[in-house]
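Which chain is which? The protein sequence lines are A and B, in order. Here our numbering is used: the first sequence runs in plain steps of one and ends on residue 969. Here our numbering is used: the second sequence runs in plain steps of one and ends on residue 326. In this text, a Cβ means the ideal position worked out from N, Cα and C, and glycines have one as well. Remember, it's a predicted structure, so these values are computed and weren't measured experimentally. Worksheet: one structure, shown below.
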Amino acid sequence: MESILKQQMELSLKNTCVEFMFAYQQRNVERMLGFCHKDGVVHFTPLGESGKGLIHELGKNIWSALIDSFPDIDNTLDAAVAEDDETVRCQVVIRGTQVKDFAGIISNGKHFDSDHIFIFRLGADQLIRSITVTWDHSDFQKQLS
Amino acid sequence: MIYKKFSPSKELAPFVECYFIWENSDAPVQPLMIESPPNGFCSIVFNYGDPFYITNSKYERLDVPSQYIAGQSIYIYNLTLPGRIGMAGIVFRPAALASIFGLQMYEFVEERTDLYKVFRKEIIDRYISLIKKGVSPEDRARTLEDFLMEQLNLSSPRPDKIDESANQIVEMNGMVNIGELVRQSFMSRRTFERNFFQKVGLSPKYYIRVRRIAYICNLIAGKKEVDWPKILYDLEYFDQSHFIKDFENFTGRSPGQYLKLNNELVNYLENKPVQQELPRKE
Chain A
825 MESILKQQME LSLKNTCVEF MFAYQQRNVE RMLGFCHKDG VVHFTPLGES
875 GKGLIHELGK NIWSALIDSF PDIDNTLDAA VAEDDETVRC QVVIRGTQVK
925 DFAGIISNGK HFDSDHIFIF RLGADQLIRS ITVTWDHSDF QKQLS
Chain B
45 MIYKKFSPSK ELAPFVECYF IWENSDAPVQ PLMIESPPNG FCSIVFNYGD
95 PFYITNSKYE RLDVPSQYIA GQSIYIYNLT LPGRIGMAGI VFRPAALASI
145 FGLQMYEFVE ERTDLYKVFR KEIIDRYISL IKKGVSPEDR ARTLEDFLME
195 QLNLSSPRPD KIDESANQIV EMNGMVNIGE LVRQSFMSRR TFERNFFQKV
245 GLSPKYYIRV RRIAYICNLI AGKKEVDWPK ILYDLEYFDQ SHFIKDFENF
295 TGRSPGQYLK LNNELVNYLE NKPVQQELPR KE
């Protein structure tokens, strides 16, 4: 069992990302940020240049606004694959019901269910240095309209 | 080429799908290339033949350790075997590696991890030596069973609700209702999903998709023609475009292309392997 623990530590690259997604599921933004480096960057790719910024600023604001606008927001982590020694790709399904306007989308009380890809890059200290989030934004908007 | 499958003993049946022994006596003139779609199982493999490597959408070339744990695959992969083949493998039921060894299986998805990183070297070396000394496929399969029995005696695992749910998905070829599995587990949906992810490596819904595609690939491999409408009906795919998209997602090809061009192991065997009882020790 001692050697199994060693293995778990070596593979904990994925573990950080999985714990990040579990914190998101618990709608605990502070815990999510706790896995990220203070200078870490985020890119919500469908939002273009305005979707680029610091995890602790833009990321915090967007996730907080999402949780506020979709209070039942939830996710299911389908799979986590290490792409190289520092990058993990998470396939996630995010769902929720809108109760407030969000990013220019007027609330109609509709539900969304959307496949997302999170690409995490981590440093040697196991803290997240960058997150790239991709989803089908037109389908997201369509579901909520 | 020999490819034999053996059933586990009664004690190991809750955890083991089968043992396999794959051998050829002479190295092929050309490297042998075998492809394998995701099958929904994890395995432990001891290679006593020549080294080989795999290629998939993640790795251009991954030189596979001589003895390894393979977690769930979500991409189709190619094995390139340039020399003599000699492999003894344990195919585990989907949650068994977590139940027996306490492993977080999401860590192993799309990985081949050297057994030396998980078990004590002397244990692995002892069993590698016994497998190499084996005089027959049956003998080697029995060594695999002895290896597992030794591990089982250390941890005395019992299958839990996640094992039961995952095994049900396998037995039903993915045609199960997740809500029903959650209800049977007496857990909240969120707890069920999280425990399933930790023990199987994938979410229940995603695992169901893997298992359905694995079943279809198994049905069509080695065939020239199939009754697609019947397969779609039997697997409750009511939307053909959804089926094609799902199939392409996991195999990289349309179902029709896969039927014509697949290079699965069964194409190299005279007959599809039938699982045999493992002869008991004298």
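Contacts around residue i, its chain only, beta-carbon distance under 6 Å, and the 5 residues preceding and following it disregarded
i, result
"N83 (chain B)", "A258"
"Q320 (chain B)", "F50"
"S827 (chain A)", "Caution is warranted here: a pLDDT of 47 is assigned to S827 (chain A), below 50, making its placement in the model unreliable, and the coordinate value is therefore given only provisionally. Excluding sequence neighbours, S827 (chain A) sits near nothing in its chain."
"G130 (chain B)", "E67, Y92 and G93"
"F944 (chain A)", "C841, V912, I952 and I955"
"N100 (chain B)", "Y119 and Y121"
"N239 (chain B)", "I206"
"F294 (chain B)", "P82 and I257"
Integer Cβ distance of residue i from residue j, believed to fall under 8 Å
i, j, result
"I879 (chain A)", "L857 (chain A)", "7 Å"
"I65 (chain B)", "R186 (chain B)", "Going by Cβ atoms, the distance from I65 (chain B) to R186 (chain B) rounds to 10 Å, so no, they are not a contact pair."
"F59 (chain B)", "F152 (chain B)", "That pair is no contact at about 16 Å."
"P870 (chain A)", "W959 (chain A)", "6 Å"
"G920 (chain A)", "I897 (chain A)", "4 Å"
"G296 (chain B)", "Q116 (chain B)", "At roughly 17 Å, the Cβ-Cβ gap does not stay under 8 Å, so G296 (chain B) and Q116 (chain B) are not in contact."
"L188 (chain B)", "I134 (chain B)", "5 Å"
"P323 (chain B)", "E166 (chain B)", "Wrong, their Cβ atoms sit about 28 Å apart, outside the cutoff."
Residue-level contact to chain B via CB, residue i, 9 Å cutoff
i, result
"D949 (chain A)", "no"
"Q832 (chain A)", "Residue confidence is low: Q832 (chain A) scores 49 on pLDDT, short of 50, so the model does not pin down where it sits. No coordinate-derived value is stated."
"K838 (chain A)", "yes"
"D960 (chain A)", "no"
"V865 (chain A)", "no"
"H967 (chain A)", "According to the sequence displayed, residue 967 (chain A) carries Gln and not His. Cβ-Cβ to chain B under 9 Å: no for Q967 (chain A)."
"Q915 (chain A)", "yes"
"V842 (chain A)", "yes"
Contacts around residue i, its chain only, beta-carbon distance under 7 Å, and the 5 residues preceding and following it disregarded
i, result
"S229 (chain B)", "K205, S209 and F236"
"N306 (chain B)", "E79 and A265"
"M825 (chain A)", "The predicted position of M825 (chain A) is uncertain, since its pLDDT is 44 and thus under 50; a value taken from the coordinates is nonetheless stated next. Hits under 7 Å: none found."
"Y150 (chain B)", "F241, Q242 and G245"
"Y160 (chain B)", "I168"
Proximity winner among the options, relative to residue i (alpha-carbon distances)
i, options, result
"D70 (chain B)", "B:S80, B:M45, B:P273 and B:G115", "B:M45"
"G127 (chain B)", "B:R253, B:Q74, B:L322 and B:L309", "B:Q74"
"L968 (chain A)", "A:N932, A:M845, A:N852 and A:D863", "A:N932"
"R255 (chain B)", "B:V220, B:K48 and B:F241", "B:V220"
"V853 (chain A)", "A:G883, A:T869, A:H867 and A:K838", "A:G883"
"D963 (chain A)", "A:I943, A:D939 and A:L890", "A:D939"
"E61 (chain B)", "B:Y251, B:E215 and B:S180", "B:E215"
"E910 (chain A)", "A:S954, A:Q850 and A:Q849", "A:S954"
"F859 (chain A)", "A:E881, A:K966, A:D949 and A:H961", "A:D949"
"L125 (chain B)", "B:Q212, B:E189, B:L313 and B:F96", "B:F96"
"R202 (chain B)", "B:G133, B:K267 and B:F145", "B:F145"
"V310 (chain B)", "B:P81, B:K54 and B:G300", "B:P81"
"Y312 (chain B)", "B:Y277, B:S298, B:P72 and B:Y63", "B:P72"
"V179 (chain B)", "B:K243, B:K304, B:A132 and B:D107", "B:A132"
"L946 (chain A)", "A:Y848, A:G864 and A:S893", "A:G864"
"K924 (chain A)", "A:F936, A:I918, A:E881 and A:D892", "A:D892"
"I918 (chain A)", "A:N839, A:R851 and A:E873", "A:R851"
"A139 (chain B)", "B:N262, B:C86 and B:K304", "B:C86"
Any C-beta of chain A under 9 Å from that of residue i
i, result
"Q111 (chain B)", "no"
"I134 (chain B)", "no"
"E224 (chain B)", "no"
"E194 (chain B)", "no"
"I118 (chain B)", "yes"
"E269 (chain B)", "no"
"K102 (chain B)", "yes"
"E308 (chain B)", "no"
"E154 (chain B)", "yes"
"Q301 (chain B)", "no"
"R255 (chain B)", "no"
"Y150 (chain B)", "yes"
"E237 (chain B)", "yes"
"R234 (chain B)", "yes"
Neighbourhood of residue i by C-beta distance below 8 Å, restricted to the same chain and skipping five residues each side
i, result
"N315 (chain B)", "none"
"I172 (chain B)", "F90, Y92, S110 and Q111"
"V916 (chain A)", "M845, N899, T900, L901, D902, D939, H940, I941 and F942"
"E308 (chain B)", "I78, E79, S80, P81, C261, A265 and G266"
Contact test: residue i Cβ vs the ligand HEM heavy atom, cutoff 8 Å
i, result
"N306 (chain B)", "Among the components modelled here there is no ligand, and therefore nothing to report on the ligand HEM."
Can you list, in chain order, the residues of the segment 894-909 of chain A whose Cβ is nearer than 8 Å to any Cβ on chain B? D898, T900, L901, D902, A903, A904, V905, A906 and E907
Residues in the segment 240-253 of chain B with C-beta within 8 Å of chain C's C-beta atoms, listed in sequence order? Given the protein chain composition of this structure (A and B), no chain C is represented.
Where the segment 846-858 of chain A meets chain B: residues whose CB sits under 8 Å from a CB there: F846 and Q849
Between the segment 76-87 of chain B and chain A, which residues of the former have CB atoms less than 9 Å from a CB of the latter, in chain order? Cβ contacts with chain A: none found.
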